[in-house]
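Enquirer: Please read through the structure below; I'll follow up with questions.
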Amino acid sequence: RPVSIVISSEPVTIPDHLTVDAFVLTMPISDPDYGDFILDFKLDYNNDYFYLDTKLRSVHVKKPLPHVIGQKNTTLNFTCAVQDSCLNLASTTITIISHNAPPVVTELPDMLKIDLEKIQDDSSFYIFHVEDPSTDNVSCALSRISLSMDELTLKMDGNDAYLLVSNHIKNNLTLEYELQIWCNDGTDDTVFNLTVRFCTKNNCQGITASSQSNKLQIILVYCFIAGMLIIIIISVYYLWKRLKKVNVENGTHDSSRQSRYISTIQPNSAVHPYDDLEQNGHQQISTDNVEMSAQNTTIYENTNPFI
1 RPVSIVISSE PVTIPDHLTV DAFVLTMPIS DPDYGDFILD FKLDYNNDYF YLDTKLRSVH
61 VKKPLPHVIG QKNTTLNFTC AVQDSCLNLA STTITIISHN APPVVTELPD MLKIDLEKIQ
121 DDSSFYIFHV EDPSTDNVSC ALSRISLSMD ELTLKMDGND AYLLVSNHIK NNLTLEYELQ
181 IWCNDGTDDT VFNLTVRFCT KNNCQGITAS SQSNKLQIIL VYCFIAGMLI IIIISVYYLW
241 KRLKKVNVEN GTHDSSRQSR YISTIQPNSA VHPYDDLEQN GHQQISTDNV EMSAQNTTIY
301 ENTNPFI
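Residue numbers (the UniProt record's numbering): 1 to 307.
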């Protein structure tokens, strides 16, 4: 049976800014016959953009992919042929579509707050940074403003975007605007929204202070919890060390006392009964009075009758 190469019929899609040696896809190559093994790969040396890593059995980028401004996609092909130890040959052709990637916007705030007192003639405020993955030139502009007005315009300085605000906006009663912004690299657009809020000095400070106050409270709570945990851990550790030290000292004292007692008894020595009495307490002294008879008296003379 021939070698099995299981590839989806759907084309593989990759961005056209992949670098050389970048991974494209895995080639699932197997031999259904027991004991057979892959003997050889018929490599597609004539392919301009891809090559097969025979060890990893994966396809990689050979050189920079074609990129044409204004062209969204480019269709490319890659052919792979494999031969097993029984000289069975299998081949497949993979369709790979490289596509242009749109501009990427970063550092965009959720809301842009502007103090009305800081606005002068044609004041500018930083909004975001934009980069194109294919390093194409990018242009950005306002596509729509809710409550349409001429006092807001977008200005690009390299890859940084700024909002230009006219001094005449102070005469408007509206303090919040929804902006729709688009950025184009000559092929694709990136569209997004931005809320702009105008406020007085007190209002701006109130909003900022509230946000900072909430963050500060959260940080203090976490610090307090962490401090308590550290104190508990240290207290438990020192208590454990103290208990361990006390147990060791008690064990040492008992051992030394027992050794002193044992050392007073000589091996193989007889124990005198009086010594045993001394060790077990004081002797009980008899209270009976015994009168000794004189030398020349008979035994009955000094004897008291029972009756």
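Even for Gly, the Cβ is constructed at its ideal location relative to N, Cα and C.
#1: Apart from the five residues on each side of it in sequence, which residues of its chain come closer than 8 Å, Cβ to Cβ, to His168?
#2: Taking buried to mean at least 16 other C-beta atoms within 10 Å of its own C-beta, is Ala226 buried or exposed?
#3: Take Ala81 and list the residues in its own chain whose beta-carbon comes closer than 6 Å to its own, dropping the five residues that flank it on each side.
#4: Compare the Cα-Cα distances from Asp84 to each of Asp132, Met27, Asp31 and Ser166 and report the closest residue.
#5: Leaving out five residues before and five after Val236 in sequence, what residues of the same chain have Cβ atoms less than 8 Å from its Cβ?
#6: Measure the CB-CB distance between Leu164 and Asp122 and report whether it falls below 9 Å.
#7: Please report the residue range of the beta strand (DSSP E) in which Gln83 lies.
#8: With a CB to CB cut of under 8 Å and the five nearest residues on each side skipped, what residues in its chain are close to Val104?
#9: Does the segment 54 to 63 touch the segment 18 to 29, meaning 3 or more C-beta pairs lie closer than 8 Å?
#10: Taking buried to mean at least 16 other C-beta atoms within 10 Å of its own C-beta, is Cys223 buried or exposed?
#11: I think His99 touches Lys72, with their Cβ atoms under 8 Å apart; what is that distance to the nearest whole Å?
#12: Give the single residue among Leu76, Leu243, Asn137 and Met111 whose Cα lies nearest to the Cα of Thr95.
#13: Only counting the same chain, and skipping five residues up and downstream in sequence, which positions put a Cβ closer than 6 Å to that of Gln180?
#14: Taking just the CA atoms, how far does Ile127 sit from Asp160?
#15: Starting from Ala90 and walking both ways along the beta strand (DSSP E), at which residues does that stretch end?
#16: I need the straight-line Cα distance from Lys215 to Thr174, nearest angstrom please.
#17: For Leu239, which residues in the same chain have their Cβ closer than 8 Å to its Cβ, ignoring the five residues on either side in sequence?
#18: Return the residue from the list Glu107, Ile218 and Asp16 that minimises the CA-CA distance to Asp136.
#19: Within 10 Å of its beta-carbon, does Val196 have 16 or more other beta-carbons around it, so buried, or fewer, so exposed?
Expert: Taking the structure as given:
#1: Taking the first residue of the sequence shown as position 1, residue 168 is located at position 168. For His168, where only same-chain residues beyond five positions count, the Cβ hits under 8 Å are Glu151.
#2: The residue given as residue 226 occupies position 226 in the sequence shown. So Ala226 counts as exposed.
#3: Here residue 81 refers to the residue found at position 81 of the sequence shown. For Ala81, where only same-chain residues beyond five positions count, the Cβ hits under 6 Å are Lys42 and Ser91.
#4: Reading the sequence shown from its first residue, position 84 is the one you call residue 84. Per the Cα distances, Asp31.
#5: The residue you call residue 236 lines up with position 236 of the sequence shown. Cβ neighbours of Val236 beyond the five flanking positions: none.
#6: For the purposes of this step, residue 164 is identified with residue 164 of the sequence shown, where counting begins at 1. For the purposes of this step, residue 122 is identified with residue 122 of the sequence shown, where counting begins at 1. Taking 9 Å as the Cβ cut-off, Leu164 and Asp122 qualify as a contacting pair.
#7: Counting from 1 along the sequence shown, the entry for residue 83 is found at position 83. Gln83 -> beta strand (DSSP E) spans Asn73 to Asp84.
#8: Here residue 104 is taken as the residue at index 104 of the sequence shown, counted from 1. Here the set comprises Val130, Glu131, Asp132, Pro133 and Thr190.
#9: For the pair of segments examined, the segment 18 to 29 was found to touch the segment 54 to 63: the number of CB pairs separated by less than 8 Å reaches three.
#10: Here residue 223 corresponds to residue number 223 of the sequence shown, with the count starting at 1. When all chains shown are included, Cys223 counts as exposed.
#11: If you number the sequence shown from 1, residue 99 lands on position 99. If you number the sequence shown from 1, residue 72 lands on position 72. Correct: roughly 6 Å between the Cβ atoms.
#12: Start at 1 with the first residue of the sequence shown, and residue 95 comes out as number 95. The option with the nearest alpha carbon to Thr95 is Leu76.
#13: Position 180 of the sequence shown holds residue 180. Hits under 6 Å: Ser143, Arg144 and Asn193.
#14: The residue given as residue 160 occupies position 160 in the sequence shown. The residue given as residue 127 occupies position 127 in the sequence shown. Approximately 8 Å between the Cα atoms of the pair.
#15: Indexing the sequence shown from 1 puts residue 90 at position 90. Note, Ala90: beta strand (DSSP E), Leu89 to His99.
#16: Locating residue 215 in the sequence shown gives position 215, where the first residue counts as 1. Locating residue 174 in the sequence shown gives position 174, where the first residue counts as 1. Interpretation of Lys215 is limited by its pLDDT of 49, a score under 50 that renders its predicted location unreliable; no figure is taken from the coordinates.
#17: Here residue 239 is taken as the residue at index 239 of the sequence shown, counted from 1. There are no such residues.
#18: Your numbering for residue 136 matches position 136 in the sequence shown. Here the closest residue by C-alpha is Asp16.
#19: If you number the sequence shown from 1, residue 196 lands on position 196. Buried, since its Cβ has 16 or more Cβ neighbours within 10 Å.
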